[in-house]
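> If you count by the UniProt record's numbering, then the sequence shown holds residues 1 to 66, one letter each, in order. No residue lacks a Cβ here, since even glycine has one placed at the ideal position from N, Cα and C. Treat the numbers as computed from the prediction; the structure is a model and nothing was measured.
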Amino acid sequence: MPKMKTHSSLKGRFKVTGSGKVTRYKAHKNHLLSHKSKRAKRVLNGNPVMAPGDVRRLKQQLANLK
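(1) For the candidate residues HIS28, ASN47, PRO52, whose alpha-carbon lies nearest to that of LYS41?
(2) Can you list, in chain order, the residues of its chain whose CB lies under 8 Å from that of PHE14, leaving out five sequence neighbours each side?
(3) Roughly how many whole angstroms lie between the Cα atoms of LYS36 and ASN45?
(4) Could you give the distance in angstroms between the alpha-carbon of LYS5 and the alpha-carbon of GLY12?
(5) Could you check what DSSP says for ARG56 in three-state terms: helix, strand or coil?
Shown next as structure tokens:
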């Protein structure tokens, strides 16, 4: 049986931590930031941990990311 390949579009959107948790990146933080308030930009900081129900689906598609 061939190896499972990692879903290419998910490589840049999610990260698997050392303990196995999956973190995601937030949207609206890449460009067009000059008109956003400092508070709005601050709220977008950080990489939240994914919910357990979503992680089950993602783990198969993120097969080789560790």
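Taking the geometry as given:
(1) It is HIS28 whose Cα lies nearest to the Cα of LYS41.
(2) The answer, listed in chain order, is VAL22, THR23, ARG24, TYR25, MET50, LEU58, LEU62, LEU65.
(3) 13 Å
(4) 15 Å
(5) helix
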